[in-house]
Amino acid sequence: MTRIIQGVFGFQKKAFLEKEDLFQKLGKGQSPLALFITCSDSRINPNLLTQTEPGELFILRNAGNLIPPASTGPCGEEATVEYALVQLGIKDIFVCGHSKCGAIQGLVTQALGKESHGGPMPAVENWLKFAGPNHDIIKEKAAELGPDKLLTFAIEQNVLKQVIHLQTYPAVQNALGKNQLRIHPWVYRIDTGDVTAEDYERKEFLPLDKARRQKWAEQAHSQETVHHLTDVYI
Ligand SMILES: [Zn+2]
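Heads up: the sequence shown is residues 319 to 552, going by the working numbering.
The following block contains the structure:
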């Protein structure tokens with residue numbers, strides 16, 4: 319606790335002063351470059367990973383980087399996405415899963431009918447109903463892949479499921495319809511710093527410098543024009 323409070327004093331005495339002009343400007347408003355959706359996991363620092371400054375990423379985090387599909391009830395994730403697109407005019411959404419994700423490990427454990435080690439977590443178990451892939455697919459892949467590859471597979475498939483869920487939101491549909499939104503499925507590997515992205519054409523996760531991204535999400539449905547509409551990340 320003391321460490322956290324001391325950290326604030328340190329920030330005020332040093333880090334804040336070094337970027338005082340930036341913070342003064344940000345005091346008047348924000349104009350972030352992208353919406354970055356990722357897990358609450360303490361090992362992920364989106365600004366560090368993307369080398370961005372305060373004010374440059376609008377960040378949505380929860381256990382497992384999950385996006386519940388549109389429903390009639392209030393939903394923090396949907397509200398955050400809507401605000402990002404409608405109010406802030408954001409045109410890029412990153413959905414970034416990560417290696418050794420505890421939430422997705424929980425999903426795998428659930429699917430394989432094993433006990434979790436940390437005691438009962440009914441809220442987590444309930445929340446994982448929005449995660450993917452479904453239990454049958456996990457069970458089917460378990461023998462073929464082995465534990466490590468199975469978890470990686472589930473982490474990637476979960477990201478893709480959340481991309482589908484995002485597209486149930488009216489604000490996302492509207493932005494896609496106007497050709498004003500790209501959605502980027504990513505996975506970050508904590509111990510190496512590697513990032514993979516789903517290659518738009520090959521439909522598999524490849525290193526960021528190899529993966530072709532969709533230029534505009536709306537056109538992802540048009541097979542004939544794929545070659546003209548994909549770009550590599552670098
Ligand atoms: Zn996680």
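For glycine and all other residues, C-beta sits at the position ideal for the given N, C-alpha and C.
Item                                                                                                                                                                : Value
Given a cut-off of 9 Å, decide if I411 and A449 are closer than it, judged by their beta-carbon atoms.                                                              : no
Compare the beta carbon distance of A402 and P364 with 9 Å and say whether it is the shorter of the two.                                                            : no
Decide if K479 is buried, meaning its Cβ has at least 16 other Cβ atoms within 10 Å, or exposed.                                                                    : buried
Across which residues does DSSP place D410 in a beta bridge pair?                                                                                                   : R500
Tell whether a beta-carbon distance below 9 Å holds between N476 and G394.                                                                                          : no
When the Cα atoms are used, what is the spatial distance from K521 to A529?                                                                                         : 10 Å
Determine, using beta-carbon pairs with one atom in the stretch 374 to 389 and one in the stretch 486 to 494, whether at least three such pairs fall under 8 Å.     : yes
Using 8 Å for Cβ pairs, my map puts L484 next to I473. What's the rounded Cβ distance?                                                                              : With 8 Å as the limit, L484 and I473 do not qualify as a contact, their Cβ atoms being about 17 Å apart.
Could you compute how far the alpha carbon of M439 sits from the alpha carbon of Q428?                                                                              : 12 Å
Which residues in the same chain as V544 place their Cβ atom closer than 7 Å to its Cβ, once the five residues preceding and following it in sequence are excluded? : Confidence at V544 is low in this model, with a pLDDT of 37, below 50, so its placement is unreliable and the value that follows should be read with caution. Contacts found: E519.
According to DSSP, is R555 part of a helix, a strand, or is it coil?                                                                                                : Residue 555 lies beyond the range of the chain shown here (319 to 552); nothing can be said about it.
Return yes when at least one heavy atom of ligand 2 lies under 8 Å from the C-beta of N383, else no.                                                                : Ligand 2 is absent from the structure shown, which contains only ligand 1.
Given a cut-off of 9 Å on the beta-carbon distance, is the pair I362 and I508 in contact?                                                                           : yes
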